[in-house]
């Protein structure tokens, strides 16, 4: 088997869970060393001539997908974001080497596991879905997800936690302690939020670390059209939007900036001016 190319949503538990499902299938079960590439909104497709490409919990914009389909031997998209459903509608009719599996009732990790495996879904994957879809039906979910976020994302570590009950429990115990601290960070973050304008809406905006962005911005969104959190890396600003159940459709708002996501959780990227990290005193 030629090594497939696996492109997954980077810096995301659900995206990495999707890649983990593929890793178990290819690297563990099939003994094939697949190539894994994390991707973010706004990225352009890599060179993929003659390859079988899997896009997990992620899809490029339509133009990028067309480019990929023209190069690759086969393209399989396993995703659950409403923006992907809308962006890619009918594209599989135009390219017979494109397979779309888009399901908004499951997370990317769950779709990928059930696509690649006949084996029962590991509790680890179920917990990742529980958080990603914001259901919180599994008692250990909050602690497991906090524990996972506190460590480097490696396939080997996830494989241990997925298959060893003691490792799973230790991860939950670590996450429980982390969550006590995170709750304090969230309260501090709420006090740091200010009102601003995003796409014409007056909403709370906060500069916050990714580790607490979903919970913090989700709480700020209560009683508001939505709320926004951002983090900077150089001149790249990553935005996270969250809305309450009766709030605005933030996926549509994110699309206006070239991003995407779900009705109540979405994101996009903007760019700061060159020289934003050069600070000089006034003459």
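Numbering (the UniProt record's numbering), first residue to last: 1 to 283.
The beta carbon of each residue, even a glycine, is placed where N, CA and C say it ideally should be.
Because the structure is a prediction, the values reported are computed rather than measured.
- Residue 159 and residue 30 have their C-alpha atoms roughly 16 Å apart.
- In this structure, residue 83 keeps its C-beta atom at 8 Å or more from the C-beta atom of residue 197.
- Burial check for residue 23: the Cβ neighbour count within 10 Å reaches 16 or more, so the residue is buried.
- By the CB criterion at 8 Å, residue 107 and residue 124 fall outside the cutoff.
- Contact annotation: the segment 63 to 77 does not touch the segment 260 to 270, with fewer than three C-beta pairs closer than 8 Å.
- Under DSSP, the beta-bridge partners assigned to residue 99 are 76.
- A contact is defined here as three or more CB-CB pairs under 8 Å, and the segment 84 to 92 fails this definition with respect to the segment 110 to 119.
- In the same chain as residue 76, and ignoring 5 residues on each side of it, the C-beta atoms closer than 6 Å to its own belong to 54, 99, in chain order.
- Taking C-beta separations shorter than 7 Å and ignoring five residues to either side along the sequence, the partners of residue 202 in its chain run 195, following chain order.
- Linking residue 272 to residue 234 through their CA atoms gives a straight-line distance of about 8 Å.
- Residue 141 and residue 187 have their C-alpha atoms some 21 Å from each other.
- Comparing C-alpha distances from residue 39 to each of 17, 72, 7 shows the shortest one belongs to 7.
- Scanning its chain for C-beta atoms nearer than 7 Å, with the 5 sequence neighbours on each side dropped, one finds around residue 103 the residues 80, 111, in chain order.
- Beta-bridge partners of residue 274 (DSSP): none assigned.
- Membership of residue 147 in the alpha helix (DSSP H) is indicated by the continuous run 141 to 149.
- Looking at the DSSP output, residue 233 shares a beta bridge with 236.
- With respect to residue 213, residue 229 sits close: the two C-beta atoms are nearer than 8 Å.
- Relative to the Cα of residue 36, the nearest Cα in the group 50, 147, 18 belongs to 18.
- Apart from the 5 residues on each side of it in sequence, residue 45 sits with its Cβ closer than 6 Å to the Cβ of 60, 64, 67, 68 in its chain, given in chain order.
- The secondary-structure analysis by DSSP pairs residue 9 across a beta bridge with 39.
- Approximately 4 Å separates the beta-carbon atoms of residue 193 and residue 206; this is inside 8 Å, confirming the contact.
- Counting along the chain, the unbroken alpha helix (DSSP H) around residue 214 starts and ends at 213 to 220.
- Residue 116 places its beta carbon less than 8 Å from that of residue 25.
- Residue pairing for residue 268: DSSP places it in a beta bridge opposite 239.
- When the beta-carbon positions are compared, residue 128 and residue 145 come within less than 8 Å of each other.
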